[in-house]
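Enquirer:
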Amino acid sequence: MRARTALVLSLVAPYFSSALHASIVPMSAFVTDNQEDANRRVSLGLDKKDVDSIFGDLTMRRINRSDCHSKVASRLQAICGGGENNAADVIGESDKSAIAISLTICSMASALQPTPTECFPWSPPELAVPGHVAVTKTWSWNRIAADERLKEAQRTKCLGALHRSPQDWSSYNGYLSDATQLCFAFGGKRQAEIAQRTYVNATMEKIALINFLMRNEQSRRAQEEKVSDNLNVKLNNLQSVADLAKTALDGLSIIDQQQSGILRDMRSAVDGIDQSTICMVQRVEIDLKRHSLQLLSEVESSLKNLKQNLADEMSSEFKGIAENHSASLTGHLSTYEVLTAKLISAAEGQMAIILGRTAERAAAIDDNWNRLSVELRLAKTDMNGIAETAIDIRPLLLSSLESALQIKNLQNEAAASLEIAAVHSTQIVHELTHSSAAINDHLNSTLVAISEWRETVPADAWWRHTFPLTIFQLPSLFSQAWGSNASSHQHLAIALQGVVWIFGLVCQAILMGVYGLVSVLSQRMTESPAHTVLAAARKTKFKIVVPDAIGIRFPPTISHGTLRKTQWVVVERRAVSEPP
Numbered sequence: 024m025r026a027r028t029a030l031v032l033s034l035v036a037p038y039f040s041s042a043l044h045a046s047i048v049p050m051s052a053f054v055t056d057n058q059e060d061a062n063r064r065v066s067l068g069l070d071k072k073d074v075d076s077i078f079g080d081l082t083m084r085r086i087n088r089s090d091c092h093s094k095v096a097s098r099l100q101a102i103c104g105g106g107e108n109n110a111a112d113v114i115g116e117s118d119k120s121a122i123a124i125s126l127t128i129c130s131m132a133s134a135l136q137p138t139p140t141e142c143f144p145w146s147p148p149e150l151a152v153p154g155h156v157a158v159t160k161t162w163s164w165n166r167i168a169a170d171e172r173l174k175e176a177q178r179t180k181c182l183g184a185l186h187r188s189p190q191d192w193s194s195y196n197g198y199l200s201d202a203t204q205l206c207f208a209f210g211g212k213r214q215a216e217i218a219q220r221t222y223v224n225a226t227m228e229k230i231a232l233i234n235f236l237m238r239n240e241q242s243r244r245a246q247e248e249k250v251s252d253n254l255n256v257k258l259n260n261l262q263s264v265a266d267l268a269k270t271a272l273d274g275l276s277i278i279d280q281q282q283s284g285i286l287r288d289m290r291s292a293v294d295g296i297d298q299s300t301i302c303m304v305q306r307v308e309i310d311l312k313r314h315s316l317q318l319l320s321e322v323e324s325s326l327k328n329l330k331q332n333l334a335d336e337m338s339s340e341f342k343g344i345a346e347n348h349s350a351s352l353t354g355h356l357s358t359y360e361v362l363t364a365k366l367i368s369a370a371e372g373q374m375a376i377i378l379g380r381t382a383e384r385a386a387a388i389d390d391n392w393n394r395l396s397v398e399l400r401l402a403k404t405d406m407n408g409i410a411e412t413a414i415d416i417r418p419l420l421l422s423s424l425e426s427a428l429q430i431k432n433l434q435n436e437a438a439a440s441l442e443i444a445a446v447h448s449t450q451i452v453h454e455l456t457h458s459s460a461a462i463n464d465h466l467n468s469t470l471v472a473i474s475e476w477r478e479t480v481p482a483d484a485w486w487r488h489t490f491p492l493t494i495f496q497l498p499s500l501f502s503q504a505w506g507s508n509a510s511s512h513q514h515l516a517i518a519l520q521g522v523v524w525i526f527g528l529v530c531q532a533i534l535m536g537v538y539g540l541v542s543v544l545s546q547r548m549t550e551s552p553a554h555t556v557l558a559a560a561r562k563t564k565f566k567i568v569v570p571d572a573i574g575i576r577f578p579p580t581i582s583h584g585t586l587r588k589t590q591w592v593v594v595e596r597r598a599v600s601e602p603p
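All residue numbers for the sequence shown refer to the numbering used here, where the first residue is 24 and numbers rise by one.
(1) Rounded to a whole number of angstroms, what is the C-alpha to C-alpha distance between L424 and T412?
(2) Considering Cα atoms alone, identify which of Q282, S315, N435 and S468 is closest to S351.
(3) Assign V397 to buried or exposed, taking buried as 16 or more other Cβ atoms, counted over all protein chains shown, within 10 Å of its Cβ.
(4) Please report the straight-line C-alpha distance between R347 and R313, rounded to a whole angstrom.
(5) On a CA-only basis, which of V541, N407, M303 and G343 is nearest T358? Give me that one, please.
(6) What whole-angstrom Cβ distance do C142 and C181 have, given they're in contact under 8 Å?
(7) Just to confirm, is the Cβ distance from L199 to D191 under 8 Å?
(8) Is it the case that the segment 378-394 contacts the segment 279-295, given that we only count it when at least three CB pairs across the two stretches are under 8 Å?
(9) Going by Cα to Cα distance, which pick from D464, A271 and S320 is closest to N391?
(10) Alpha carbon to alpha carbon, how far is S542 from G527? Give it in angstroms, no decimals.
(11) I233 and A437 - do their beta-carbons sit closer together than 8 Å?
(12) Could you check where the alpha helix (DSSP H) with G116 kicks off and where it finishes?
(13) So, A268 versus L428, is the Cβ gap smaller than 8 Å?
(14) Less than 8 Å between the C-beta atoms of I296 and A385, yes or no?
(15) Whole angstroms are fine: how far does the CA of W145 sit from the CA of I128?
(16) Taking Cβ positions, are R178 and S120 nearer each other than 8 Å?
(17) Rank D201, S133, P189 and P139 by C-alpha distance to the C-alpha of A123 and give the top, closest one.
(18) Leaving out five residues on either side along the sequence, give the residues of the same chain with a beta carbon under 6 Å from the beta carbon of S251.
(19) Where do the ends of the alpha helix (DSSP H) carrying C181 lie?
(20) Rounded to the nearest angstrom, what separates T363 and T300 at their Cα positions?
(21) Straight-line CA distance for M131 to G521?
(22) Under three-state DSSP, which class holds T138?
(23) Evaluate G197 with the Cβ neighbour count: other Cβ atoms within 10 Å of its Cβ, from every protein chain shown; 16 or more gives buried, anything less gives exposed.
(24) Apart from the five residues just before and just after Q219, which ones in its own chain have a Cβ nearer than 7 Å to its Cβ?
(25) Specify the secondary structure class of P147 as computed by DSSP and reduced to three states.
(26) Measuring only the C-alpha atoms, how far is A176 from S474?
(27) As a quick exercise: from N407, L441 and P137, pick the residue whose alpha carbon is nearest that of T226.
(28) Return the Cβ separation of D279 and I388 in integer angstroms, given the expectation that the two are a contact with Cβ distance under 8 Å.
(29) Output yes or no for whether 8 Å exceeds the beta carbon distance between A215 and V452.
(30) On a Cα-Cα basis, can you pick out the residue from N260, S133, E171 and D118 that is closest to M406?
(31) If E240 sits next to I430, beta carbons under 8 Å apart, how far is it from one beta carbon to the other, in whole angstroms?
(32) By a C-beta neighbour count over all protein chains shown, 10 Å radius and 16 as the cutoff for buried, is L356 buried or exposed?
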């Protein structure tokens, strides 16, 4: 009896693994594509592709697997409870019978056998007859009357129909005896799924934490680059202001030199005018004297020539001529004096105008020079303040850079540990897959050997099957009336017990390996470098505090050759304090 129970459990266990997984753990506890899980990924800032690349789609494929046994197992959860109570006290006899009937119908459907009409209430919807309405409460697929007597009558009819076939009745008895043990199997599976769910949630939170730290690092770098760019722009503006001031000084010096040259030219021109006037007067006097001497010499010669003959006449004429010549000389002298006075007055007026303009320009140059000196002194003071602020900020920037480098190293170590853990998990999953395939091959070879052995049995044996041998028909081989050949029965029973014992050991080893793998992965992820990163971040609590932070608004571009007054605006001033 124990050997038969072990064989039934070993054969049914692979088909119930996916069903137990889907029925015990809620769908929202895994990485699925429903609305709740999508909202969780969005709240953590994760992408579905990233989560699938880490966990794979093995969990999704196991959850989505559905067959007759999986549906029965999913309904079994409502009766088994949370696994803390005793399953024998929870499951009643009627529920045990309903469980056994449902599993027997699933076995008959797998063997392509027709389902009795009396058992349609316990059949899945795809196997039920259209339009048929039957009677059950918990374990039926269709609604029935609430009268307990009608339910008992319906169950009695179904059991009578199963009793007509020895194979079906043997399967029913095996499932009936194993109904309590299925709930205990649910408890173990539930613990494994809870551990896996905890691992998935913890891993997603750690990935979200690493993404959060990376985003903070990127934003901090962007802010540092922005501050550096602003400082460079301000330094460039100061350099341009200094260049403009230097250019203005050079222009002022050139203008001063030009004005000095103009003054020298004006003085030389005035001196030249005075000298030319004196020379002109001297020339006029010399000409007058020369003409007078010439006239006198001519008169003397004429007088000498006409002295004798025209003494009287010529004396009178000579007197008139002398008077006329004297009057003309007097007119010429007055004309020259008027012209000279006009030239001198015009030159004096022009010199006065030029001297006035020169004095005004000199005063304007002095004012501009004084303003430029004041602006340069203010700029020098502000540059000294900026230099002191830059010296105060530099140690804080260096400490922030060191903290960022330490955090980056911790993130790299955490990423490397996660990658190593993922590789180990993938290798273990591949090994388990190969082991399961090998076990299935051994099981199939055993079933083939049993089928070949059946072919050697005489055709008139009363227990010979009319349908092909399947997994769910094996319990019929162990009926009370085995056959007439006792020795064959004994050898076959011994061989099957050995196979069952070996298969049970392999299944236990696989389950223990899976439990160990889940525990190791949970412990490793608990001690992963991500916790180290979080602890370091919480211990340091680094925060960049800029001492005496100065916000500067630079003056606008200098235009029209005039320097505007520089304005410095202090935004915030705060001394360095100890970290909290």
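Quick reminder that beta carbons are idealized off the backbone N, C-alpha and C, glycines included. This structure is a prediction, so every number in the text was calculated from the model and none was measured.
Expert: A quick look at the data gives this:
(1) Looking at the two C-alpha atoms, the distance is approximately 18 Å.
(2) S315
(3) exposed
(4) The identity of residue 347 in the sequence shown is Asn, whereas the question assumes Arg. Between N347 and R313, the C-alpha separation is close to 18 Å.
(5) M303
(6) 4 Å
(7) The beta carbons of L199 and D191 sit no closer together than 8 Å.
(8) In short, these stretches touch, since the Cβ pair count reaches three.
(9) Minimum Cα-Cα distance from N391 among the listed residues D464, A271 and S320 corresponds to A271.
(10) Per the coordinates, the alpha-carbon of G527 lies some 23 Å from the alpha-carbon of S542.
(11) yes
(12) First, the residue type needs correcting, since residue 116 is Glu and not Gly in the sequence shown. First-last of the alpha helix (DSSP H) with E116: E116 to S133.
(13) No; because the gap between Cβ atoms is not below 8 Å, this pair is not in contact.
(14) no
(15) 8 Å
(16) yes
(17) D201
(18) none
(19) For C181, the enclosing alpha helix (DSSP H) stretches over residues E171 to H186.
(20) 7 Å
(21) 27 Å
(22) coil
(23) buried
(24) V541
(25) coil
(26) 39 Å
(27) L441
(28) About 7 Å; that satisfies the 8 Å criterion.
(29) no
(30) N260
(31) 7 Å
(32) exposed
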